[in-house]
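For the sequence shown, our numbering gives the first residue as 3, with consecutive numbering after it.
Note that beta-carbon positions come from the ideal geometry of N, C-alpha and C, so glycine has one too.
What follows is a short report on a single structure.
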Amino acid sequence: MAQRPILFADNPILREKSRRVPRPTPEIQALIRDMWETMRAARGVGLAAVQIGVPLRVIVAEIPEDMDDPDAGTSLALINPELVKVSSEVEDGVEGCLSVPGWAGTVPRFVEVIVKAVDPKGKPVRLKARGYLARVLQHEIDHTEGVLFIDRATEVWPVEEGEEEQEEARAAGGKTQGVA
Ligand code: NI
């Protein structure tokens, strides 16, 4: 397992459409392990493979256990994730991105989504997500299409960088925090 460098928004690889994964090989499983390690070290709530320079349709998401959210503690690794159904209801929320450090923005997202994917063992999965988890999944699936949250944001602003501020904000605000 290894942490890998995260690409930043000016890197053209982040704008590529990721390729589908034909089947989860040991290499893909190793990639997923590196993604977990990289995401957790960066204190993110989600990561797409393209963010570490691998334009394949693989994402991970993890809602921290200490977050005040119904999905706190949920971890997902998904291969070839796609939105198959979305709610008509849309809500604004605040997002950040490990590839766009120092910035946050208000992004409208579908409140509820159904995602079809394959799990790391190759088993087809279909899951329904609401609220914050649905937001994180939409953010990561966007990465697989070469889309960044700043493309969808209605407003963006600079934020204080540094773990302390992140921790304070997470403790205070819960759902408005998290970079993916
Ligand atoms: Ni992101």
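(request) Determine the extent of the alpha helix (DSSP H) in which Val-138 is found, giving its start and end residues. (result) 133–146
(request) Over the uninterrupted beta strand (DSSP E) stretch that includes Pro-26, give me the two end residues. (result) Run containing Pro-26: none; DSSP gives neither H nor E here.
(message) Among the candidates Ile-54, Thr-27, Ser-89, Ser-20, whose CA atom is the shortest distance from the CA of Asp-144?
(response) Ser-20
(request) Rank Glu-18, Glu-114, Ile-65 by C-alpha distance to the C-alpha of Gly-55 and give the top, closest one. (result) The residue with the shortest Cα to Cα distance from Gly-55 is Glu-18.
(request) With a cut-off of 8 Å on the beta carbons, I'd call Leu-16 and Gly-148 a contact; round off their distance for me. (result) 7 Å
(request) Name the residue from Leu-139, Lys-123, Val-109, Gly-124 whose alpha carbon lies nearest to the alpha carbon of Val-117. (result) Leu-139
(message) Whole angstroms are fine: how far does the CA of Gly-124 sit from the CA of Ala-182?
(response) 24 Å
(message) Assess contact between the stretch 53–71 and the stretch 119–135, defined as three or more Cβ pairs (one per stretch) separated by less than 8 Å. Is contact present?
(response) yes
(message) With three or more C-beta pairs closer than 8 Å as the rule, is the stretch 153–164 touching the stretch 56–63?
(response) A contact between stretches requires three or more CB pairs, one per stretch, nearer than 8 Å, and the stretch 56–63 fails this requirement with the stretch 153–164.
(message) Just to confirm before moving on: does the CB-CB distance between Val-115 and Leu-80 stay below 8 Å?
(response) No, Cβ-Cβ distance for Val-115 and Leu-80 is not below 8 Å.
(request) Report the rounded CA-to-CA distance for Asp-12 versus Asp-36, giving the unit in angstroms. (result) 23 Å
(request) Rounded to whole angstroms, what's the CA-CA distance from Val-88 to Pro-110? Just pull it up for me. (result) 13 Å
(message) Measuring alpha carbon to alpha carbon, tell me which residue in Pro-7, Pro-126, Val-52 is nearest Ala-44.
(response) Pro-7
(message) If the criterion is Cβ atoms closer than 8 Å, does the pair Glu-91 and Val-113 meet it?
(response) yes
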